Each structure stands twice: as C-alpha cells, then as structure tokens.
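Below you'll find the structure, written out as structure tokens, and then a few comments.
Protein chains: 2
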Amino acid sequence: MTFVKANEPATGNQIAAFLNLTRATIRADLAVLTMTGILDARPKVGYFYSGLEENPGGYEELRKMAVHMIMTKPTLVKKETSVYDAIVTLFLEDVGSLYVAEEARLIGLVSRKDLLKSAITGSDTRSVPIATIMTRMPNILTLQKNDSVVDAANMLVTHEIDSLPVTKSDNQIIGKISKSHIVTLFVDTMKKT
Amino acid sequence: MTFVKANEPATGNQIAAFLNLTRATIRADLAVLTMTGILDARPKVGYFYSGLEENPGGYEELRKMAVHMIMTKPTLVKKETSVYDAIVTLFLEDVGSLYVAEEARLIGLVSRKDLLKSAITGSDTRSVPIATIMTRMPNILTLQKNDSVVDAANMLVTHEIDSLPVTKSDNQIIGKISKSHIVTLFVDTMKKT
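Now the structure itself:
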C-alpha cells in the first residue's frame with residue numbers, strides 16, 4: 001500500500017519485485033485490493049491508491065472519528081438565571097441540558113432532572129438561581145476536541161448522562177456531544193453503507 | 001454463495017458452470033470471498049461456505065437486528081397517578097419517560113419535558129393526574145418487536161424523542177427502546193470488533 005502510494009502508477013511487476021514475490025503470488029491480493037476499492041487498476045498503466053482506508057466497512061472510520069467532527073454549540077446560561085427561566089430556555093431551545101458559563105468558561109451544568117427536582121420541592125422557581133442547583137466544576141465530566149466519539153459514547157452510557165461538554169484546557173466551552181449526536185451518527189452510518 | 005452452501009465442497013469449475021461463467025472470470029471473485037473468510041478453500045477438494053455473512057465488518061448484522069433483541073421493560077404507571085408521584089417514580093426508577101397503561105395496554109406517555117412543563121405552571125402537582133398532561137394514543141409512535149433497530153434509531157432522531165414503546169397489535173406493551181439502548185449498542189459493537 002505504502003509502496004503504491006509512493007510510486008503511482010505502480011505495475012503489478014513493480015509491486016511484486018518490491019515485495020520479493022512473484023506476479024502470480026500477488027495476483028489474488030491485488031484483485032482483493034482492487035475489488036474492495038482500495039486500489040484503482042488501469043489497464044496497461046498500473047495501480048493507483050484510491051485513498052480509501054483498508055476497512056471500507058467503515059468501523060475504522062468510525063473508530064477514528066473525533067468529537068469535534070460531530071459536536072454542536074451548546075446552550076449557555078448565566079449562574080444568576082432563575083430555575084424558571086432556565087426551564088423556559090430549555091423549551092425554547094429544545095435541548096436536554098444547559099451549560100452554565102462565566103466568560104465562556106464552563107462553571108456548571110443543569111439537566112432536565114436537576115430542574116425537575118427543583119421544580120417539585122415547592123420553592124419559588126422564579127427566585128431560585130440555577131447556581132444553587134447546578135452540578136459544579138470540577139464535578140462535571142468533559143471531553144477534549146480530539147477525544148474519540150466511541151469513548152464519548154461509552155462515557156454517556158456508563159455514567160447515564162445525556163450530554164458531555166467539549167472544552168479546551170482552560171474550561172473554555174467549544175461544543176457538546178449528546179446521545180442524540182451518537183444516535184444520528186449511527187443512523188447516518190447505516191444509511192450510507 | 002447459495003450454490004456453495006448447497007453443494008459443499010464445490011470446485012471452481014462447478015461454481016463457474018453454475019454461474020455460466022468461465023473459471024478465469026470468477027477467479028478474482030473467489031479470491032475475494034476466500035480472503036475475506038466467507039468461503040474456505042481446500043486445495044484439490046473445493047470451496048466450503050464458512051458461515052460468515054458477506055459483510056464481515058458487522059454492518060449486516062446490525063442492519064438485521066430487531067428491536068426485541070435489545071428492548072427492555074418500561075416503567076408503567078396508571079392514568080390516575082399524580083404529576084408529583086410520576087416525577088418521584090421517574091427519579092426512583094432512573095428513567096426518562098413513563099408509559100401510562102390500563103390492563104397492560106398503552107394509553108399514554110409522559111416525558112421529562114411533559115412533567116417539567118406541568119411543574120412550572122403553578123398548579124398543584126399532587127392533585128393533577130398525569131392523564132391531563134400525557135400524550136395519548138393514537139398520537140404516540142410505537143414499534144413492533146420485529147422492526148429493525150436502525151429504523152427505531154431513525155425515528156428517535158427524526159422525531160426528537162427519547163424513547164419508543166414496543167407494542168403488540170392490540171397495544172399490549174412488551175418493551176421500550178431509548179436513545180440509551182442505541183448508544184449502548186454502538187459502544188458494544190465498537191468494542192467487539
């Protein structure tokens with residue numbers, strides 16, 4: 001593969017010589033690589049590397065996928081926001097959780113369950129700020145943009161959470177990954193192949 | 001493939017004759033099938049069907065998977081249950097939605113968002129029955145046990161819902177599929193292969 005990449009177009013004889021094998025020996029391998037689309041064969045010219053990875057099924061592609069490829073912008077609120085306004089924001093933005101930010105840095109997170117718990121305690125949701133009910137840093141699991149999507153999905157199910165903030169080293173919020181992102185990726189992958 | 005399954009061991013010439021092609025024409029195809037492990041080749045004997053499906057990457061397996069293979073038991077409540085008790089049940093059972101049943105038949109569904117909406121309207125959550133806030137049949141999307149997991153995942157993201165009830169033809173509830181089930185399946189598939 002590396003040889004073909006570096007020597008396009010490579011003839012069958014050149015590839016055989018490089019591998020120290022006969023042309024006949026590598027015939028079947030070349031056929032497989034051509035039929036699965038990894039190599040392009042042009043008669044009388046030679047083999048070209050198609051750019052496809054060796055597992056065209058796509059698992060390798062999925063496994064290499066990083067969270068920044070599918071993350072979206074989260075809904076940010078301030079810590080002074082009332083529980084009531086947070087719930088309204090949740091409905092207006094149609095999201096499952098809100099990230100609490102201060103100068104674009106993540107300081108807390110409120111989920112639907114946090115809000116629900118607060119709403120049934122009988123306290124006045126309009127006067128209680130979310131700072132009193134949010135989960136606070138550093139007790140929030142976060143992702144870095146190059147973390148793998150598979151690891152993110154594993155964290156979501158292991159810790160039974162709906163979404164994970166993606167942050168830079170100084171807690172700057174750059175995105176979020178939710179169960180919905182993973183399910184969408186699953187559906188897209190199945191449709192595509 | 002079917003021919004090889006029925007006629008093991010099948011020689012290259014027999015396969016070619018069956019397909020009405022020359023031995024030379026199918027050589028590369030047989031090489032691909034052998035190298036990917038779908039056929040076993042024994043010198044001087046012939047080809048055997050290995051039992052592997054044609055896409056060893058596993059997508060075919062995922063695509064054939066039916067919802068009954070991964071569904072779990074849902075949490076059922078009665079329509080007289082108060083919004084307050086429903087919220088408490090949600091926390092105790094650690095689920096995202098409750099199915100409202102009458103004699104094991106699905107009549108309604110309440111999500112975290114339905115409960116949240118009810119909780120902030122100011123009405124007494126202890127006296128309001130969930131019958132007044134639930135989504136009612138036939139306005140609930142449901143699955144049958146043999147529906148594919150891929151279709152279920154597609155419905156979850158397209159309609160932005162957290163879970164789908166699995167029912168029999170008379171609305172008997174037999175299970176549920178949530179985004180968490182799909183994410184867990186995704187993680188398990190990636191770990192396994």
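Residue numbers (UniProt numbering), protein chains in the order written: chain A, 1 to 193; chain H, 1 to 193.
Where is the CB? At the ideal position from N, CA and C, for every residue including glycine.
Model, not experiment: these values are computed from the prediction.
(request) Determine contact between the stretch 143 to 155 of chain A and the stretch 106 to 114 of chain A, defined as no fewer than three beta-carbon pairs at a distance below 8 Å. (result) no
(message) Under 7 Å, Cβ to Cβ, is there at least one residue of chain A near A152/H?
(response) no
(request) Compute the Euclidean distance between the alpha carbons of P56/A and H181/A, then round it to the nearest angstrom. (result) Low confidence applies to P56/A: its pLDDT is 45, below 50, so where it sits in the model is not reliable enough to give any reading.
(message) If distances are taken between C-alpha atoms only, which option among K78/A, M137/A, T121/A and S123/A comes closest to E103/A?
(response) K78/A
(request) Can you say whether G96/H is buried or exposed, counting buried as having 16 or more other CB atoms within 10 angstroms of its CB? (result) buried
(message) Please list, in chain order, the chain A residues whose beta carbon lies closer than 8 Å to that of R112/H.
(response) R112, K113 and L116
(request) For G108/A, collect the residues of the same chain with a Cβ closer than 8 Å to its Cβ; drop the 5 residues on either side in sequence, then sort them by chain order. (result) K79, Y99, V100, I130, A131, M134, T135, R136, M137 and I140
(request) State the Cα-Cα distance for the pair T72/A and I70/H, rounded to the nearest angstrom. (result) 28 Å
(message) Taking 7 Å as the threshold (C-beta atoms), are A16/A and I26/A in contact?
(response) yes
(message) When you compare the CB positions of T189/H and P165/H, do they come within less than 7 Å of one another, or not?
(response) no
(request) In the DSSP assignment, find the unbroken alpha helix (DSSP H) run with L39/A in it and report its ends. (result) No alpha helix (DSSP H) holds L39/A; the beta strand (DSSP E) holding it covers L39 to R42.
(request) May I have the straight-line CA-CA distance separating S163/H from L30/H, to the nearest angstrom? (result) 44 Å
(message) Beta carbons nearer than 8 Å to chain A: which residues of the stretch 152 to 180 of chain H have them?
(response) A153, N154, L156, V157, E160, K179 and S180
(request) With a threshold of 16 other CB atoms inside 10 Å of the CB of V45/H, please say whether the residue is buried or exposed. (result) exposed
(request) Buried or exposed for P74/A, please, with buried defined as at least 16 other CB atoms from any protein chain shown within 10 angstroms of its CB. (result) buried
(request) State yes or no: is the C-beta of M69/A nearer than 6 Å to some heavy atom of the ligand ADP? (result) Ligands are entirely absent from the displayed structure, and the ligand ADP is therefore not among its contents.
(request) Could you check how far apart the C-beta atoms of I87/H and A119/H are, in whole angstroms? I think they sit under 8 Å. (result) 7 Å
(message) So M190/A contacts chain H; which residues on that side make the cut at Cβ distance below 8 Å?
(response) Y59, L62, R63, V150 and A153
(message) Restricting to Cα atoms, I'd like to know which of T184/A, Y59/A, Y47/A and M65/A is closest to E8/A.
(response) Y47/A
(request) Identify whether K176/H lies in helix, strand or coil by the three-state DSSP scheme. (result) strand
(message) Closest to D40/A by C-alpha separation, out of F18/A, V4/A and N13/A, would be which residue?
(response) V4/A
(message) Here's the rule I'm using: 16 or more other beta-carbon atoms within 10 Å means buried, otherwise exposed. How should K192/H be labelled?
(response) exposed
(message) Judging by CA-CA distance, which residue of F18/H, L33/H, H159/H and N13/H is the nearest neighbour of A24/H?
(response) N13/H
(message) Restricting to runs no shorter than 3 residues, where is the beta strand (DSSP E) found entirely within the UniProt domain "CBS" (69 to 125) of chain H?
(response) 97 to 102 and 105 to 111
(request) Return the CA-CA distance between E93/H and L76/H, expressed in angstroms with no decimal places. (result) 11 Å
(request) Give the DSSP-derived three-state secondary structure of L185/A in the structure shown. (result) helix
(message) Need the endpoints of the beta strand (DSSP E) that V166/H sits in, please.
(response) S163 to T167
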